[in-house]
Every structure is written in structure tokens, then in C-alpha cells.
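For the sequence shown, the working numbering assigns the number 9 to the initial residue and increments by one for each residue that follows.
Only one structure is covered here, and it is reproduced in the block below.
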Amino acid sequence: MNKFFTFVLALATFNVFAQAPTTCSIDPVFLAMNNAGIWPDSATNFIQGTVGQPYGQNITVRVPKDTTQNSIVICFNRVELSTPATYTNFALPPGLNLLAGPTVTAAAGIYKYPGNATSCSVISGTPTTAGTYTIQFKVQPYLTPSPFGPCPSTPNYNNGSASISPPTTLNYYIIKINPSVGIKEEVSAKSLNVINVPNPFSEKTTIKFNVKDEAIAKICVYNLLGDKIFEDKITTKYGDNNYELDGSNWSSGMYLYTIQYKNYSETKRMVLTGNR
Numbered sequence: 009m010n011k012f013f014t015f016v017l018a019l020a021t022f023n024v025f026a027q028a029p030t031t032c033s034i035d036p037v038f039l040a041m042n043n044a045g046i047w048p049d050s051a052t053n054f055i056q057g058t059v060g061q062p063y064g065q066n067i068t069v070r071v072p073k074d075t076t077q078n079s080i081v082i083c084f085n086r087v088e089l090s091t092p093a094t095y096t097n098f099a100l101p102p103g104l105n106l107l108a109g110p111t112v113t114a115a116a117g118i119y120k121y122p123g124n125a126t127s128c129s130v131i132s133g134t135p136t137t138a139g140t141y142t143i144q145f146k147v148q149p150y151l152t153p154s155p156f157g158p159c160p161s162t163p164n165y166n167n168g169s170a171s172i173s174p175p176t177t178l179n180y181y182i183i184k185i186n187p188s189v190g191i192k193e194e195v196s197a198k199s200l201n202v203i204n205v206p207n208p209f210s211e212k213t214t215i216k217f218n219v220k221d222e223a224i225a226k227i228c229v230y231n232l233l234g235d236k237i238f239e240d241k242i243t244t245k246y247g248d249n250n251y252e253l254d255g256s257n258w259s260s261g262m263y264l265y266t267i268q269y270k271n272y273s274e275t276k277r278m279v280l281t282g283n284r
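Rendered as C-alpha cells:
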């Protein structure tokens with residue numbers, strides 16, 4: 009079962025989303041690797057979340073076509089993920105759930121990923137309780153020996169025998185949920201009409217705002233812990249102003265950005281996707 013243990017398991021980027029996602033997508037970077045397993049891997053791990061903020065962790069799963077044991081080819085029918093008996097809901101943080109992708113069958117708490125296929129799922133919801141949570145996945149592959157020929161390209165999803173007793177338990181993925189954010193959006197009739205486009209964005213976005221004078225404006229970006237990660241100053245012009253923000257070195261997730269102009273400031277949210 010060497011290929012299976014290579015498969016067990018590597019679990020795109022997430023990604024925090026502006027709204028908690030209900031659908032998933034196959035990570036193109038992991039797909040290009042042409043590896044079996046789960047992405048992100050245990051080294052990358054799952055993204056952090058914040059109480060009261062929508063959360064979304066995309067998961068890509070690639071089940072191989074076959075493996076070899078004692079010179080006999082063995083075909084993968086499917087791999088099942090479920091919750092170990094002493095836990096509930098994969099030990100996910102309260103408010104989060106695992107949602108199956110379009111090619112995954114989920115029933116009675118068992119998620120079935122077909123053999124010789126790449127599938128996806130997403131951990132989604134709005135966390136309610138701060139803490140550090142170690143996720144628990146019970147993993148059971150179902151296999152069929154094929155001593156007289158190659159494995160079919162499309163295996164029978166419902167066939168196969170459980171290959172491991174007891175099943176493997178993965179317990180090295182962690183989701184940290186931080187306390188609720190203290191920074192809040194400011195609303196005022198004196199709005200600068202601040203927006204950023206595109207939003208969500210990948211690598212770069214343009215912050216747009218409108219002022220009625222030439223003066224110094226300060227642009228600050230904060231993560232969801234309230235830490236300032238970026239600051240710059242520009243001289244405005246009368247009317248519409250554009251500022252290109254480069255987030256290519258930041259992790260995917262939700263950020264808050266503030267335009268400070270004279271004695272007024274305005275804060276908005278933006279979402280960075282596609283980065284590690």
C-alpha cells in the first residue's frame with residue numbers, strides 16, 4: 009500500500025471569502041503537480057478564522073487509479089472520510105461544517121471520494137467560539153484487486169473492500185479561531201466613496217476614492233487581528249483618486265483598509281484570493 013500512504017494524505021487556497029462559500033473548486037496548482045493526496049498538505053495546514061467572520065477552507069482531493077501489492081495491481085474504488093467515534097463533526101470549530109463537492113457523495117457523516125479522480129470539498133460557515141481546534145479525519149480506502157489486467161479508467165464507485173483495519177486517523181490539521189475583530193467600518197455622510205476593484209482580487213487591486221481638495225491621504229491595511237501590515241501616503245488631487253495596492257506577498261484572506269484624509273477616515277473590507 010505504499011502509494012496509499014503517499015496518498016494519506018497531503019489536505020486551495022483558502023481561503024477566507026467575503027461570504028462563507030457553499031461550493032468548492034479544484035486547486036489548479038495542486039492539479040498541476042499531478043500528485044495523489046489532499047491539498048493543502050499538513051505543512052501548509054488550514055487557514056485561521058475569526059469569530060463572527062465567514063470562513064472558507066477549500067480542500068482538493070486526488071484519489072489515484074491504482075497501487076501495487078506483491079506484484080498485483082489493486083484498483084481504487086473510492087476513499088471515505090468520516091469522523092472518528094470519539095469525536096463529533098470532525099472536531100471542527102463550532103459554526104463550521106464540511107460541505108461535499110459535486111463529485112463527492114455525503115451521507116450519514118461519510119464523505120466518499122471516487123477513485124482515479126480529483127474532487128473537492130470546503131469547510132464553511134461562521135465560527136462562534138475562539139480556540140485552536142485539531143481536526144479529526146478517519147480515512148478508509150476501498151480497493152479491488154485486478155490480477156488479470158489494468159484498472160478501469162472509471163471505477164465502480166460502490167464496489168471494493170475496506171483495505172485497512174482499523175482505518176487511519178489524520179489528526180495533524182489545525183484551525184485556529186481568533187476572537188472577534190475590534191476594527192469596525194466607519195459610516196458617515198462625509199463618505200469618500202471608497203471602493204477597491206476588483207474585490208475579491210489576486211495580487212493587485214485598485215483603491216478608488218473621491219476628495220474635494222489636494223492634501224495628504226494615508227492608506228493603511230490591517231489583518232483580521234488588527235495588526236497594521238501596510239502603510240503609504242499620497243498627495244490627492246481634486247476629484248477621483250486611484251491607488252494600486254500590491255498584495256502579492258500577502259496570504260489569501262480578508263483584510264481591512266483605511267483611507268485617512270484630513271480629520272476623516274473611512275474603512276472597507278477586501279478579500280485576497282489565490283495566494284498561499
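Beta carbons are placed, not taken as given, at the ideal position from N, Cα and C, and that holds for glycine.
Boundaries (first-last residue) of the alpha helix (DSSP H) holding residue i
i	result
Leu39	Pro36 to Met41
Euclidean distance between Cα positions of residue i and residue j
i	j	result
Thr266	Phe54	28 angstroms
Ile118	Val81	27 angstroms
Lys216	Asn204	6 angstroms
Ile131	Gly64	6 angstroms
Asp248	Lys220	9 angstroms
Thr134	Pro174	33 angstroms
Lys241	Thr58	29 angstroms
Gly282	Cys32	14 angstroms
Ile34	Asn231	26 angstroms
Gly45	Thr136	30 angstroms
Lys120	Ile67	14 angstroms
Thr140	Ser154	44 angstroms
Unbroken beta strand (DSSP E) run spanning residue i, endpoints
i	result
Cys128	Ala125 to Gly133
Asn66	Tyr63 to Val71
Thr137	Segment: none, Thr137 is in no beta strand (DSSP E) and carries neither H nor E.
Thr111	Unbroken run through Thr111: none, as it is neither H nor E.
Phe238	Lys236 to Thr243
Residue i - DSSP class collapsed to helix/strand/coil
i	result
Asn207	coil
Ala44	coil
Asn97	helix
Asn85	strand
Pro175	coil
Cys32	coil
Ala223	coil
Neighbourhood of residue i by C-beta distance below 7 angstroms, restricted to the same chain and skipping five residues each side
i	result
Asn85	Gly123, Tyr150, Leu151, Thr152, Pro163, Asn164, Tyr165, Asn167 and Gly168
Asn179	Thr142 and Gln144
Cutoff 6 angstroms; reference residue i; Cβ partners in own chain excluding five residues on either side
i	result
Ser90	Gly117, Ile118 and Lys146
Thr14	For Thr14, the predicted model reports a pLDDT of 38, less than 50, meaning its position is unreliable and no value from the coordinates is stated.
Cys159	Lys73, Asp74 and Cys83
Gly103	Gly133, Thr134, Pro135 and Thr136
Beta-carbon contacts of residue i that lie in its chain and below 8 angstroms, excluding the five residues immediately before and after
i	result
Lys212	Glu252, Leu253, Asp254, Gly255 and Ser256
Supposed close pair residue i, residue j - CB separation, criterion 8 angstroms
i	j	result
Thr177	Pro101	Actually they are not in contact, since the Cβ atoms of Thr177 and Pro101 sit about 19 angstroms apart, beyond 8 angstroms.
Trp258	Leu280	6 angstroms
Val112	Val87	Not confirmed; about 10 angstroms, so no contact.
Asn250	Thr275	The pair is not a contact, with the Cβ atoms about 18 angstroms apart (cut-off 8 angstroms).
Gln148	Ala170	6 angstroms
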